[in-house]
Amino acid sequence: MIAHADAVVTNDTGPLHISLAFRKPVCGLFGPCSPSQYGQMETCVPIYKNVYCSPCVHEFAVPPCLGNNQCMQRIEVAEVINGINKALEMKSSGTSEQIIFTSSETTLGYFKNRP
96 MIAHADAVVT
106 NDTGPLHISL
116 AFRKPVCGLF
126 GPCSPSQYGQ
136 METCVPIYKN
146 VYCSPCVHEF
156 AVPPCLGNNQ
166 CMQRIEVAEV
176 INGINKALEM
186 KSSGTSEQII
196 FTSSETTLGY
206 FKNRP
């Protein structure tokens, strides 16, 4: 399915890695992991809420939020729609530059495709 998709929205698990391997435009939702913990993500627009306890997944046996996952719950639908639109724009532009958008709680960034 991913090989034939125009774009993918997924959290930071297997489908994200498969999407990257197929060089598909992808909006990656990060929370317990940080996008900086991954390698090159040229076709990915990561959305990450930098809450007080993130990233925690590789740091704690029991997460500080006790499974309440505020890092994921704070991601809004509009951000995801914006992220997938940016991923699709990257596919068509073919330039190579990193663009990062930040606010106090959110990092929204992406690597544009290389030619």
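Going by our numbering, the residue at position 10 of the sequence shown is 105; the numbering climbs one at a time, nothing skipped. Even for Gly, the Cβ is constructed at its ideal location relative to N, Cα and C. Just so it is clear, the structure is predicted and the values come from calculations on it, not from any experiment.
Would you say residue i and residue j are within 9 angstroms of each other, going by their C-beta atoms?
{"i": "Pro130", "j": "Met167", "result": "no"}
{"i": "Thr138", "j": "Arg169", "result": "no"}
From residue i to residue j, what distance separates their C-alpha atoms?
{"i": "Val121", "j": "His153", "result": "23 angstroms"}
{"i": "Lys144", "j": "Leu161", "result": "17 angstroms"}
{"i": "Ala75", "j": "Leu183", "result": "The structure shown does not extend to residue 75, since the chain spans only 96 to 210, so no value can be given for it."}
{"i": "Val175", "j": "Ile142", "result": "8 angstroms"}
{"i": "Met136", "j": "Ala100", "result": "17 angstroms"}
Whose C-beta lies closer than 6 angstroms to the C-beta of residue i among residues of the same chain, with five residues either side of it excluded?
{"i": "Asn106", "result": "Leu124"}
Using C-beta distances below 7 angstroms, list every residue in its chain close to residue i, excluding the 5 sequence neighbours before and after it, in chain order.
{"i": "Cys151", "result": "Pro127, Pro158, Pro159"}
Between the Cα of residue i and the Cα atoms of the options, which residue gives the shortest distance?
{"i": "Gly178", "options": "Ala98, Asn163, Ile97, Ala102", "result": "Ala102"}
{"i": "Cys148", "options": "Thr108, Gln132, Gln165", "result": "Gln165"}
Would residue i be called buried (16 or more neighbouring beta carbons within 10 Å of its own) or exposed?
{"i": "Val172", "result": "exposed"}
{"i": "Ser114", "result": "buried"}
{"i": "Ser187", "result": "exposed"}
{"i": "Met185", "result": "buried"}
{"i": "Gly109", "result": "exposed"}
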